[in-house]
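Visitor: Residue numbers (the working numbering), protein chains in the order written: chain A, 1 to 452; chain B, 1001 to 1221; chain C, 2001 to 2132; chain D, 3001 to 3349. C-beta atoms are modelled at their ideal positions from N, C-alpha and C, and glycine is treated no differently. Sending over a structure as structure tokens; questions will come in a sec.
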Amino acid sequence: MGHARNRESDGTIKKTSMSRRVLVVGGGVAGIEMALALAELRCDTTLVEQGTSLGGNAGALCSLYGFEQTPEELIGKKVATMRTNPGIRVLFEAAVRDVKGDVGNLHVRIEACGKVHESDFGAIVVATGFDLATGSPVTSGEPTAISCSELERRLAQLRAGNGRGRSNALSVPRNVCFVVEDSGVDSAVHAASALKNALAVQKLPKRNVFLCCQNVNVAGEGLEALYREARASGVVIFKFDGDKPQVAAADRGFNVTVRDASVAANDRCNGLMDLHCDLLVLPERIVPGPHTPYLQKLLRVDVDSSDYFQQNNVWLRPTASNRKGIFFVGGCRGSFDVCDILTEARATALEVYTWIGRDEIPVSVGKVRVDPAKCAVCLTCLRSCPHDAVEIVFDGDIGGKTAHIVESACHACGICVAECPAKAIQMVAADDLQKGMAIKGERRQVEQWVQN
Amino acid sequence: MIVAERKPITEIREMVEPHESVLIVGCGACVTVCMAGGEKEAELLCSILVLAFKDTGKQFTWDCVERQCEPEFVEPLADKIQANDAVLSMACGAGVQTVVAQFPSIPVYPALNTQFVGRPLEQGLWAETCAGCGNCILHKTGGICPIARCSKSLLNGPCGGSVNGRCEVDPENVECGWQLIYDRLEQAGTLYLLDEIMPPKDWSTSAHGGVRRVIREDVRL
Amino acid sequence: MGTELKIVAFCCEHSGSLAARMACAGESETSAGTEIVSVPCSGSVQAADILKAFRSGADGVVIVGCHDGSCKHLVGNRRVQRRVEHLAGTLKEIGWNPERVAFFPVSAVEGQLFRDRLAEVVDRLRGLEAGR
Amino acid sequence: MGSTESAALVIGGGVAGITAALGIAESGFAVSVLEREEDIGGHGARLCCKATDVCRQCGACIVADKIEQVRAHPNVSILTRAELVNLSGAMGDFDAAIVRDKSEELRIRTSAIVVATGFAPFDARQKPELGYRTCANVLTGLELEEQIRRTGSIVRPSDGCRPANIAFVQCVGSRDPHIGNDYCSRVCCKYALRMASMLQARIPDLHVTVFYMDVQVGGKGFYDFYQSCRDTMRFVRAIPVGVVEDGSGSIELQYEDTTRGQVVKEPFDMVVLSVGMVPAADAGTLAAMLGIGTNGSRFFASRDGTEANLTNVDGIVLAGACQGPKDIEGSIAHAQAAALRVVAQLGVS
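What follows is the structure in structure tokens.
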């Protein structure tokens, strides 16, 4: 069965000039790595950061699993490299205010420190990270449970103060218990970071650490080793299934009741473990960044069922969006492992480069064409195009508005052709373009297949 | 825009049954936009009828004009129309009647049910928003028409069937027009507009007043 | 019975076409003639295309697209399913069995599933013929 | 001996090698891909689609798509049944000696090398208590993948019957310090649950029991899917310690029911061992030939945690599961990041 499939044969190649500049939105670890990787490929990069410093959520941590360096060192080194690179411009206290124009030449208005910058970009990489939800405390009144990031801050203080003194002992008391429930796309990172922090507390003198979790996440570089080390150094790990641990405030601390699957219920024991701890640590829920809905609308891109950027579609993985030239990296798309994020960022940089790296990019044109005379401007194509490749423009020849296919954004899927009620949109093949005729009906490669 | 819907195929089938050759004529205006009678629908209906009358020797062909309510657009089809036994018009009622007036000797059938003047609420869903009553009061009702959007066309507030913003006529699908008006006026800070009692409406400007005409002497030729 | 049924299969080039190729690799036995029409996305198949296939003598038309959530063009497979459902209703109105047009999803690596689902369609159509 | 030039040489034609080659080729450089087997695709081309009418994001179809793409790419030349036998030179000017069809000798001069030799599935015979190869109805996950890909469903090898009751045993060859595999293979929870749910969709009333330690719930959409699996499958937190097959082909699994504190025996029609990933058999030989290091798990070692693609040899980069276990999506990202390194190097020089 000769079933040749030649994707590019049904469109002529036109060179479209593209802006070589790339806009990276967000100065966390994903955005930084993105800018560095693009700089390696000599793409001109503008990074906008809403705050006054780079590093984002990862930068606020005091250690990263899988890395010997502290986040401060890791990010510090990368930021230093960025500074020396003339191809990277960083705008602080900056926000994207408007995006206009076609894919490949997106005209962006950025406001930074009260000043307005306007430029054209060939691609936009969204790396706006995630947000930590400040959830309600599990117990009312004193004492309150603390979050993992609060614990990280206390650990950092302890380290700075050499871990001596009464206040330090109070900040991370003797008996510490972590409770981690599976919660969603962030489950894995919660379990891993609880493991990391449990080990850090255990390493302090005279501490008892309990970790209650549903599933220990070890699907990452070095995580199984971290798990073994935590257990070997004395962290007591309980794994619960359906029954969530019960937490109650008690006697300057908490009572945690957990049903561990490996503790058998028998005559002497009902299978429940009662733990008393002075400090209860709960991971804060990770949620999409606060600007996600705003950027979603501005960039006309999709989010998934948990409202993170990027539809959950296998073709978009790892970092593509429904629009050509717009990418998502890191926490904003629900990816939280720093190691994975660095890889993702580099992978995306190459994709961005192949998209805009050359002065001109070949664009398959004429695959889909609108006949302005037939177009009823009913907006059906505009609404139904999955790639946002339709715009309504003024056509001088007909002296009115018509739908127009943005060639650089079009994937030639033919959905608009099928939807158009006026039959104004046609698939056109390259050879026939020259002859000026559409080959509707024969546009597809037809062949005989004999079914068994 | 005028919103229409294609008639059930069975009904269309009965209409064209007696004829040997039928020309299906679409319209490129409103009914294209509301997906009822544009070029695509004309082609589709043609194919369906071909299949429905397979092996009967009946001939079906299709064409489409810019605006079927204008004789000038229909005129070029004269030869085609006269070569057929009947015309199946996929325009609104106005378009059908233009063809009828133009070609008195040929039977012309409507393939659509013309519904209302409306707008799309979303792709594939249209709702009536204007009743064409000939005496617009939108400026007094927060830009929401009580004639078209209140099921009972009340002029001075809702009836007793307004429950939680829904209309008793069809609570699932129809919002209470007066609730919408009230919300809108409240939002705009112009609730005082409701203080004015509207007198009984003069329906003579509406469909009840006989055949309506609009005359613009200045543009008449 | 016994005569070959003519099936036209509009196949998404990212899934159905590849599965079809996989399904018939190394096969020679014949029981029904199936014409594979490769399309850029199942969402590009119009009702008119399907009717054209019937007009040119097809006994059945299948549209083979991607599984829900894996359309390269995000929504194409859902769009065409709606179209197929609507068209099946119309076919019913003219007295045809609505099962003569069907959508089924396969992925690029499901040659056997393609074969099975196509066989189901053929069996159903055979049933229709026999029942006439 | 024929000698050709190529900007980059990719060793291994699995999904990582293909992706790296495409990345480099798309940037305008010529790439050669060496594949030892008859055809490119690697393990990824043996996997089944796990959709239940809803796509489960396994990526098997993406591999098929990438194979199509790389075959058609004018900048890529694919050498099948070809192996690297020697490498000399340094970054910018490597000289690779290749043997094709076991006899034909070739030389490729190249600036950069991408190592994408993938992984080997864990040989479950190393866990004799699990009955692989001694019981007919104990299969590995990969064997199940292949069977489903070929036939669209599953039958018991012993009698060709549809199983009604399947057990999936997780972490076979992973997270197991006794055999020196002290790492999570990252793919087994996903493929096992996806296949199990797909089989449940195809075989009515199929009972699935998953024996596990921890379910790795990372990745977009996987958590929700896992939750739905908990409604239709039975999850038992235990790894079986023994497998016995009776004359009828039925398999008796022994495991410790920790909630009752006793070892129990339970019959299943079929047992699937979710084997993990181990380094390719000749990874050590290749590492020696290339002068690159291996890590504690015997996968190729990356330079440090932040540079997962770089090796200790300039101009030689790693792509995909040869560096450590990865799923298809992870391999694609990793390979594309490797391609970035090569393109940056080629562009700069």
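Taking its Cβ as the centre, do 16 or more other Cβ atoms sit within 10 Å of histidine 454 (chain A), making it buried, or is it exposed?
Guide: This structure leaves residue 454 (chain A) out entirely; chain A is present only between 1 and 452.
Visitor: Determine, for leucine 2051 (chain C), whether the minimum Cβ-Cβ distance to residues of chain A falls below 8 angstroms.
Guide: Counted from its first residue, the third sequence places residue 2051 (chain C) at position 51. So no, leucine 2051 (chain C) is outside the interface.
Visitor: CA-CA distance, serine 183 (chain A) and phenylalanine 336 (chain A)?
Guide: As a position in the first sequence, residue 183 (chain A) is number 183, starting the count at 1. As a position in the first sequence, residue 336 (chain A) is number 336, starting the count at 1. Cα-Cα distance, rounded: 14 angstroms.
Visitor: Helix, strand or coil for alanine 2020 (chain C)? Go by DSSP, reduced to three states.
Guide: In the third sequence, the residue the question calls residue 2020 (chain C) occupies position 20. It is helical.
Visitor: Does the stretch 3302 to 3316 of chain D touch the stretch 3133 to 3146 of chain D, meaning 3 or more C-beta pairs lie closer than 8 angstroms?
Guide: No contact exists between the stretch 3133 to 3146 of chain D and the stretch 3302 to 3316 of chain D.
Visitor: Counting only the same chain and skipping the five closest in sequence on each side, list residues whose C-beta sits under 7 angstroms from that of isoleucine 1081 (chain B).
Guide: Here residue 1081 (chain B) corresponds to residue number 81 of the second sequence, with the count starting at 1. Within the same chain, isoleucine 1081 (chain B) has close Cβ partners Leu1023, Val1087, Phe1103 and Ile1106.
Visitor: Which residues does DSSP pair with tryptophan 1062 (chain B) in a beta bridge?
Guide: Along the second sequence, one-based indexing puts residue 1062 (chain B) at 62. DSSP lists B:Ile1024 as partners of tryptophan 1062 (chain B).
Visitor: Can you look up glutamate 221 (chain A) in the DSSP assignment and give me helix, strand or coil?
Guide: Start at 1 with the first residue of the first sequence, and residue 221 (chain A) comes out as number 221. Reduced to three states, the DSSP call for glutamate 221 (chain A) is coil.
Visitor: What residues in its chain sit with their C-beta under 6 angstroms from that of lysine 3265 (chain D), if we drop five residues either side in the sequence?
Guide: One-based indexing of the fourth sequence puts residue 3265 (chain D) at position 265. Excluding residues within five positions, the ones whose Cβ falls inside 6 angstroms are Glu3252 and Gln3254.
Visitor: Determine, for cysteine 3161 (chain D), whether the minimum Cβ-Cβ distance to residues of chain C falls below 8 angstroms.
Guide: For the purposes of this step, residue 3161 (chain D) is identified with residue 161 of the fourth sequence, where counting begins at 1. So no, cysteine 3161 (chain D) is outside the interface.
Visitor: Assign lysine 3127 (chain D) to one of three DSSP states: helix, strand, or coil.
Guide: Along the fourth sequence, one-based indexing puts residue 3127 (chain D) at 127. Of the three classes helix, strand and coil, the one that applies to lysine 3127 (chain D) here is coil, per DSSP.
Visitor: Where do the N-terminal and C-terminal ends of the alpha helix (DSSP H) with isoleucine 341 (chain A) fall, by residue?
Guide: Reading the first sequence from its first residue, position 341 is the one you call residue 341 (chain A). Where isoleucine 341 (chain A) is concerned, the enclosing alpha helix (DSSP H) stretches over 338 to 356.
Visitor: Listed in chain order, which residues of the stretch 3205 to 3223 of chain D have Cβ atoms closer than 9 angstroms to some Cβ of chain A?
Guide: Hits within the stretch, in order: Tyr3212, Met3213, Asp3214, Val3215, Gln3216, Val3217, Gly3218, Gly3219, Lys3220, Gly3221, Phe3222 and Tyr3223.
Visitor: Considering leucine 3193 (chain D), what are the terminal residues of the alpha helix (DSSP H) in which it resides?
Guide: Here residue 3193 (chain D) is taken as the residue at index 193 of the fourth sequence, counted from 1. Run containing leucine 3193 (chain D): 3188 to 3202, per the alpha helix (DSSP H) assignment.
Visitor: Would you kindly check if the distance between the Cβ of glycine 3152 (chain D) and the Cβ of glutamate 2085 (chain C) is under 8 angstroms?
Guide: Walking along the third sequence from the start, residue 2085 (chain C) turns up at place 85. Walking along the fourth sequence from the start, residue 3152 (chain D) turns up at place 152. No, they are not a contact pair.
Visitor: Could you name the residues of chain B that alanine 2088 (chain C) contacts, counting a contact when the two beta carbons are closer than 9 angstroms?
Guide: On the third sequence, position 88 is the one that residue 2088 (chain C) refers to. Ordered by position in chain B, no residue passes the 9 angstroms Cβ test against alanine 2088 (chain C), which lies about 12 angstroms from the chain.
Visitor: Using a Cβ cut-off of 8 angstroms (strictly closer), state whether isoleucine 2063 (chain C) contacts chain B.
Guide: As a first step, residue 2063 (chain C) is located in the third sequence; it is residue number 63 there, counting from the start. No, isoleucine 2063 (chain C) does not count as interfacial toward chain B.
Visitor: Helix, strand or coil: which one does DSSP assign to arginine 2126 (chain C)?
Guide: What you label residue 2126 (chain C) is simply residue 126 of the third sequence in a count that begins at 1. Looking at arginine 2126 (chain C) - three-state DSSP - the assignment turns out to be helix.
Visitor: Quick check: the stretch 299 to 311 of chain A against the stretch 108 to 117 of chain A, are at least 3 beta-carbon pairs closer than 8 angstroms?
Guide: no
Visitor: Could you say if the stretch 379 to 391 of chain A and the stretch 337 to 347 of chain A meet the contact criterion of at least three C-beta pairs nearer than 8 angstroms?
Guide: no
Visitor: Strictly below 7 angstroms CB to CB, what residues from chain G border valine 1033 (chain B)?
Guide: No chain G appears in the structure shown, which is made up of the protein chains A, B, C and D.
Visitor: Any contact between the stretch 2031 to 2044 of chain C and the stretch 3017 to 3030 of chain D? By contact I mean 3 or more CB pairs, one from each, below 8 angstroms.
Guide: Too few Cβ pairs lie closer than 8 angstroms, so no.
Visitor: Are any of the Cβ atoms in chain A nearer than 8 angstroms to that of leucine 2128 (chain C)?
Guide: For the purposes of this step, residue 2128 (chain C) is identified with residue 128 of the third sequence, where counting begins at 1. Taking Cβ atoms only, chain A never reaches closer than 8 angstroms to leucine 2128 (chain C), which makes this a no.
Visitor: Closer than 7 angstroms by C-beta to arginine 3100 (chain D): which residues in its own chain qualify, once you throw out the five before and the five after it? Chain order, please.
Guide: As a position in the fourth sequence, residue 3100 (chain D) is number 100, starting the count at 1. Leu3079, Arg3081, Ala3082 and Leu3106.
Visitor: Kindly say whether histidine 3043 (chain D), judged by its beta-carbon, lies nearer than 8 angstroms to any beta-carbon of chain A.
Guide: Numbered from 1 along the fourth sequence, position 43 holds the residue referred to as residue 3043 (chain D). False, the Cβ-Cβ gap to chain A never drops below 8 angstroms.
Visitor: I want to verify the contact list: residues of chain A whose CB lies under 9 angstroms from the CB of proline 2105 (chain C), in sequence order.
Guide: Your numbering for residue 2105 (chain C) matches position 105 in the third sequence. By Cβ distance, chain A contributes nothing, its closest Cβ being about 13 angstroms from proline 2105 (chain C), past 9 angstroms.
Visitor: Can you check whether the CB of cysteine 3229 (chain D) is closer than 8 angstroms to the CB of serine 2015 (chain C)?
Guide: Position 15 of the third sequence holds residue 2015 (chain C). Position 229 of the fourth sequence holds residue 3229 (chain D). No, these two residues do not count as a Cβ contact at 8 angstroms.
Visitor: Output yes or no for whether 8 angstroms exceeds the beta carbon distance between leucine 204 (chain A) and valine 172 (chain A).
Guide: For the purposes of this step, residue 204 (chain A) is identified with residue 204 of the first sequence, where counting begins at 1. For the purposes of this step, residue 172 (chain A) is identified with residue 172 of the first sequence, where counting begins at 1. In contact: leucine 204 (chain A) and valine 172 (chain A) (Cβ atoms closer than 8 angstroms).
Visitor: Mind checking the stretch 3009 to 3038 of chain D against chain C and listing, in chain order, the residues whose C-beta falls within less than 9 angstroms of any C-beta there?
Guide: none
Visitor: Give the secondary structure of phenylalanine 2103 (chain C) by DSSP, where H, G and I count as helix, E and B as strand, and everything else as coil.
Guide: On the third sequence, position 103 is the one that residue 2103 (chain C) refers to. Reduced to three states, the DSSP call for phenylalanine 2103 (chain C) is strand.
Visitor: Chain D partners of leucine 2005 (chain C), CB-CB under 7 angstroms?
Guide: Residue 2005 (chain C) sits at position 5 when you count from the first residue of the third sequence. None at all; the shortest Cβ gap to chain D is about 22 angstroms.
Visitor: With burial defined as no fewer than 16 other Cβ atoms inside 10 Å of the residue's Cβ, what is the status of cysteine 2066 (chain C): buried or exposed?
Guide: Within the third sequence, numbered from 1, the residue matching residue 2066 (chain C) stands at position 66. Cysteine 2066 (chain C) comes out buried.
Visitor: Could I get the ranges of all uninterrupted beta strand (DSSP E) runs contained in the stretch 181 to 236 of chain A, with 3 residues as the minimum, in chain order?
Guide: 208 to 213
Visitor: Between arginine 2055 (chain C) and chain B, is any beta-carbon pair separated by less than 8 angstroms?
Guide: Taking the third sequence and counting its residues from 1, the one referred to as residue 2055 (chain C) is at position 55. Output row for arginine 2055 (chain C): interface = yes.
Visitor: Less than 8 angstroms separating the beta-carbons of glutamine 3069 (chain D) and glutamate 351 (chain A)?
Guide: Here residue 3069 (chain D) corresponds to residue number 69 of the fourth sequence, with the count starting at 1. Here residue 351 (chain A) corresponds to residue number 351 of the first sequence, with the count starting at 1. With contacts defined by Cβ atoms closer than 8 angstroms, glutamine 3069 (chain D) and glutamate 351 (chain A) do not form a contacting pair.
Visitor: How is the alpha helix (DSSP H) around glycine 414 (chain A) delimited, first residue to last?
Guide: The sequence position of residue 414 (chain A) within the first sequence is 414, counting from 1. If you look at glycine 414 (chain A), you'll find it isn't in any alpha helix (DSSP H); DSSP assigns it neither H nor E.
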